[in-house]
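Data block below; observations after.
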Amino acid sequence: MRRILLKVLGWIVFAVLTVCVLVWLVLATPLFSDFRKTFVADLLTDQLGQPFLIEGDARVVLAGTTLVHVSGARIPSENIPSLNLAELDLLEWELNLPALLDGRIDIDNLAIDGLQTNLITQADGTTSWTKNNNQQAGQKNEEADQDPPEKEDVNQDASTADQAKPTIISFLSGRTVSFSNIGLVSKDEASGFEFDFQLEKILLEQLEGGNLVSVTGEGSVNGERFTWDGKFPDGAAFTNLVEFGDISLSYNGARVPNSSDSYTAKLALDTGQIGDVFEALGLVRSLEGVGTVSMDVTSAPDRLALHNLQTSLTLDKGQAISITGNIDNVLSNAGFDLLIDARLHPEGQPPAAADSLKNLKLREIKAHIVNVDDKLKFEELLVLTNAFDQGLDRVGPISIGHIYRSEAKTLGLRDIALQAGPEANPYLVAKGDIGDVLNLGLVDLNGRLHGEADLLLKNLPTEEVAKFGGVEADFSISDHDGALSLRKLNARTVNTELWTLQANLVIASIEELAGLKLGFDFGVSDTAPFLAALGLDPVDVESLSTSLSLEGAAKEAKIGVGFLADETDLSTQVSFDLSQDINVVRGKIESQRMRLSDLREGAKIFVQLSERSKAQKMAAEDQEIDDGPPIQPLVLEKNDGIFDLKRILTETDLEIDLVIAEFVGDAGTSSMNSRFIAKKGQIQAGPLELYLGPGFFKVTASMDAVNDPERVRVEGTTSGWDFGEILKAVGVDIQAHGLLSANVDVTGNISSGKAFANSMAGWATLNMRNGAIATSLLELAGLGIFPWLVSKEFSEGETQIVCVKAPISINAGKVSFDSVVAETASVQLVVKGAVDWVRDSIAIRAEPRRVGVPLARSAWPFDVEGKLSDPKFKLDIGGSRSRRNDGADEMPANREPCTPDFEQLQ
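Just so you know, we're using our numbering here: the sequence shown kicks off at 89 and counts up by one.
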């Protein structure tokens with residue numbers, strides 16, 4: 089019997105040893121590696137709620153608390169096949185073997201080394217991880233609110249909730265875990281934000297018998313060092329402190345009683361240098377300064393509330409920004425009530441008033457943001473600059489689709505939608521993106537404006553608004569080339585026959601002509617009611633329209649201007665060719681019929697509209713209360729390089745033709761032709777040819793803009809003008825007739841009108857033949873009293889003028905002449921002297937004599953002397969005689985009229 093017992097015991101020992109060997113072979117030898125990897129992978133898959141794959145090895149060291157060793161493992165993404173959610177070099181944990189034999193899994197004291205986690209959200213919203221059951225439960229709860237289930241379904245849901253699929257977070261929360269050499273990349277392709285965590289170590293410990301979870305760690309985020317110290321006691325308040333250099337973030341709170349996934353907390357942030365915060369977020373340092381942020385946070389499923397928000401930022405340049413208020417639910421944009429006050433200059437040092445566009449600066453922004461349904465709106469928005477203040481009390485709702493990081497690493501807003509005006513009928517709607525919201529850069533906005541005409545024509549009487557219809561406009565604002573400006577505009581009037589306005593604008597680049605298109609048309613079919621409705625004076629023109637067009641390409645541009653008023657038409661076309669060595673400009677100003685009265689009356693409309701606009705602006709400024717520096721008118725800065733006249737004239741090949749087929753002026757009908765030429769600094773304007781009835785003008789101006797840019801030469805001739813009509817025009821009521829002609833050739837300084845008159849040098853002549861004047865005083869002066877009394881001219885009361893010839897010399901404001909002659913059949917009047925308007929002096933001697941006897945006594949010679957402003961007339965009573973020094977005393981047989989007889993003596 090004893091031998092049998094020993095034999096049985098031996099077999100039992102052998103069996104146990106065999107089983108131990110087999111268990112050891114299964115748990116530790118390479119022969120059963122695949123079995124171990126599959127077993128451990130399935131075990132961790134159930135615990136993590138994510139597929140867990142082992143590509144290295146899995147070993148088990150048996151003991152009361154068994155040690156499990158896993159290497160070369162990964163968790164593939166279920167949603168992104170080509171990506172691993174996590175990869176790790178080493179994973180070790182302790183497994184309670186007795187609990188496992190009892191059917192319970194008890195894992196603790198995890199050690200993880202070389203973990204790389206990828207939390208990726210693709211542009212279409214796909215995530216590298218599987219969303220947890222809490223999010224799915226939230227959606228089910230919403231459906232349950234709409235359609236309450238039967239009682240037994242509720243119990244079933246409750247049972248299902250108790251058996252919810254585990255998550256990585258729930259798995260880790262009750263265990264001691266140590267991490268080393270950990271990398272975590274969190275990237276949202278839709279928002280552009282990317283955070284690269286390099287964690288040297290993180291330790292999650294179960295302390296005080298499992299009643300306290302402690303989390304400590306250190307590492308870097310996007311290259312910025314940080315430390316984390318968190319305490320999560322069971323049933324008590326939790327604390328978190330995260331420090332990034334000078335940045336300190338505390339997040340302390342407590343769970344809501346009887347809730348496993350809701351809590352309240354107090355967030356406090358001391359930014360240190362704000363620029364460091366931007367770098368930690370992977371953004372460029374858009375702002376510098378210090379700030380604090382505090383708020384009360386309430387977190388629950390489908391709700392994130394922020395109350396008692398207090399934000400204060402003090403920037404390095406003295407600006408101050410504060411944000412206060414409450415948000416009932418950030419996730420649904422509910423209960424927004426925020427006040428923003430931004431002082432954008434040092435306290436007490438507002439920017440100087442802007443006198444040019446480049447000096448325009450913001451002074452202050454005040455805003456009250458609330459929500460309407462799920463969209464945001466400005467209850468009040470006040471923008472103050474150093475050039476104007478603009479208050480807007482009807483801006484919103486405003487919605488923001490996404491906050492994102494641009495490729496330039498700036499903070500951007502995507503899918504912005506805003507409106508202004510009454511909510512039910514806004515007059516402005518705009519959508520788009522702002523890629524750099526802090527610097528108002530990378531802007532791309534498209535919008536539509538729709539409203540009544542009083543949006544443009546301010547202070548229209550209420551009863552007149554309907555007559556003017558409405559205004560619609562589609563527009564685009566962008567700064568793709570670095571300059572924020574209006575890039576596209578299509579505006580028009582609608583629902584009116586009283587007036588028309590159309591404007592079209594396309595700007596591809598602020599600095600280049602290519603892609604530039606501009607069109608503007610304004611018209612009034614009946615000016616009387618149009619002006620009356622605006623409270624303006626009527627004009628003597630019924631219809632009026634103007635147009636402007638501009639089109640640019642890479643090396644050329646075209647400009648067109650049109651004007652129509654009743655019977656007047658005027659068009660201008662100018663082209664610019666910039667492909668040559670010098671710019672080539674060609675143009676034409678053309679009119680089939682132009683009435684001076686139409687031009688004059690049409691201009692009155694634009695003058696009155698301009699004065700009305702200025703008056704309204706002044707009235708608005710008088711009502712404003714301004715506590716800032718004096719506001720000066722904002723004007724565009726003059727660019728001397730662009731508008732330098734000398735540069736234009738010397739670097740341009742320019743030809744402009746003027747053709748007016750019929751010009752109707754106050755004096756009658758005429759036609760006009762001219763040309764303006766400028767090439768390589770040589771400039772010629774004209775000849776300007778003007779035909780007015782029998783009269784004719786032909787004038788040419790020329791200039792050497794290279795060698796003598798301040799002087800211009802004017803040459804001209806005129807003829808066909810009636811002497812009597814000219815006397816009437818200057819107010820002399822004497823009947824006369826005769827055809828006048830003149831020639832002029834002068835040069836002067838064109839820096840000003842006065843400079844030209846005072847520097848003018850050259851000559852001019854005036855001629856008249858076969859005329860008459862209704863007076864015989866010239867005969868009296870030349871013949872004496874008695875011959876005059878018996879003369880034909882005295883009896884008829886009219887003197888026939890054979891000719892007038894007046895050559896003059898002009899030099900620096902002085903006109904001199906020594907042979908001005910007016911001649912009748914019996915008398916020759918010779919005038920000599922000078923008129924100097926610069927020195928205000930006059931000295932003239934006039935001697936009338938019988939024709940052909942220059943040595944005879946002049947009966948009534950006279951002098952005009954003294955100041956030009958107060959001349960003195962002196963009659964030489966007794967007459968005077970003349971004598972040639974060479975003794976000549978006989979007239980030639982072929983005497984020339986209108987040449988001084990004295991000079992013709994032989």
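Note that beta-carbon positions come from the ideal geometry of N, C-alpha and C, so glycine has one too.
Asked                                                                                                                                                                   : Found
What residue ranges within the stretch 753-803 form continuous alpha helix (DSSP H) runs of no fewer than 4 residues, ordered along the chain?                          : none
Tell me whether threonine 133 sits in a helix, a strand or coil according to DSSP, three-state version.                                                                 : helix
Just checking my contact of leucine 593 with threonine 581 at CB under 8 Å: how many whole Å lie between their CB atoms?                                                : That pair is no contact at about 16 Å.
What first and last residue would you give for the beta strand (DSSP E) that runs through valine 303?                                                                   : 300-309
Check each candidate in Asn184, Gly379, Lys893 and name the one with the smallest Cα separation from threonine 359.                                                     : Gly379
Who pairs with isoleucine 932 in a beta bridge, going by DSSP?                                                                                                          : Gly921, Val952
Output needed for leucine 459: all residues of its chain with C-beta closer than 6 Å, excluding positions within five of it in sequence on either side, in chain order. : Note that residue 459 is asparagine in the sequence shown, not leucine. Contacts found: Asn421, Phe424.
Determine whether the beta carbon atoms of glutamine 398 and serine 374 lie at a separation below 9 Å.                                                                  : no
With a cut-off of 8 Å on the beta carbons, I'd call leucine 666 and lysine 643 a contact; round off their distance for me.                                              : 5 Å
Do you know offhand how far isoleucine 965's Cα is from phenylalanine 950's?                                                                                            : 8 Å
Note down the Cα distance separating phenylalanine 326 from lysine 497, rounded to an integer number of angstroms.                                                      : 35 Å
Rank Ser350, Asn982, Asp989 by C-alpha distance to the C-alpha of alanine 976 and give the top, closest one.                                                            : Asp989
Just mark glycine 297 as buried or exposed, buried being the case when its beta carbon has 16 or more other beta carbons within 10 Å.                                   : exposed
On the DSSP bridge assignment, give the partners of tyrosine 351 in chain order.                                                                                        : Arg343, Ser387
Out of curiosity, what's the CA-to-CA distance linking phenylalanine 123 and aspartate 532?                                                                             : 59 Å
Tell me the residue span of the alpha helix (DSSP H) that contains asparagine 995.                                                                                      : A query on residue 995 cannot be resolved here, the shown segment of the chain reaching from 89 to 994 and no further.
Does the pairing of the stretch 649-664 with the stretch 625-635 give three or more beta-carbon distances under 8 Å?                                                    : yes
On the three-state DSSP scale, how would you describe glutamate 884?                                                                                                    : helix
Report the option in Pro797, Ser758, Leu198 whose CA atom is closest to the CA atom of phenylalanine 785.                                                               : Ser758
Look at the Cβ atom of leucine 572, then the Cβ atom of phenylalanine 563, and state whether they are nearer than 9 Å.                                                  : no
Taking 8 Å as the line, does the beta carbon of glutamine 204 fall inside it for any heavy atom of the ligand NAD?                                                      : Summarising the ligand content, the structure contains no ligands, and the ligand NAD is consequently not present.
From which residue to which residue does the alpha helix (DSSP H) around isoleucine 670 run?                                                                            : From DSSP, isoleucine 670 is part of no alpha helix (DSSP H); its letter is neither H nor E.
Considering only the beta carbon of each residue, do isoleucine 270 and glycine 213 sit closer than 9 Å?                                                                : no
Secondary structure at glutamine 478, three-state DSSP: helix, strand or coil?                                                                                          : With a pLDDT of only 48 at glutamine 478, under 50, the local geometry of the prediction cannot be trusted, and no value is derived from it.
Give me the Cα-Cα distance between leucine 207 and histidine 490, rounded to the nearest whole angstrom.                                                                : 19 Å
How would you label threonine 126, buried or exposed, when you count the other beta carbons within 10 angstroms and need 16 or more for buried?                         : exposed
Express the C-alpha separation of glutamate 540 and serine 348 in angstroms, rounding to a whole number.                                                                : 57 Å
Between which two residues does the beta strand (DSSP E) holding alanine 645 run?                                                                                       : 644-653
Tell me whether glutamine 507 is buried or exposed, calling it buried when 16 or more other Cβ atoms sit within 10 Å of its Cβ.                                         : buried
How about asparagine 414 and leucine 426: are their beta carbons less than 9 Å apart?                                                                                   : yes
Using a 10 Å radius around the Cβ and a threshold of 16 neighbouring Cβ atoms, would you call valine 926 buried or exposed?                                             : exposed
Have a look at the DSSP bridge pairing and note the partners of cysteine 891.                                                                                           : Arg857, Glu911
From the DSSP output, which residues share a beta bridge with tyrosine 492?                                                                                             : Gly500
What do you get for aspartate 493, buried or exposed, if any count of 16 or more other CB atoms within 10 angstroms of its CB means buried?                             : In the sequence as displayed, the identity of residue 493 is arginine instead of aspartate. Per the 10 Å Cβ criterion, buried.
Give the range of the alpha helix (DSSP H) segment to which phenylalanine 990 is assigned.                                                                              : 989-992
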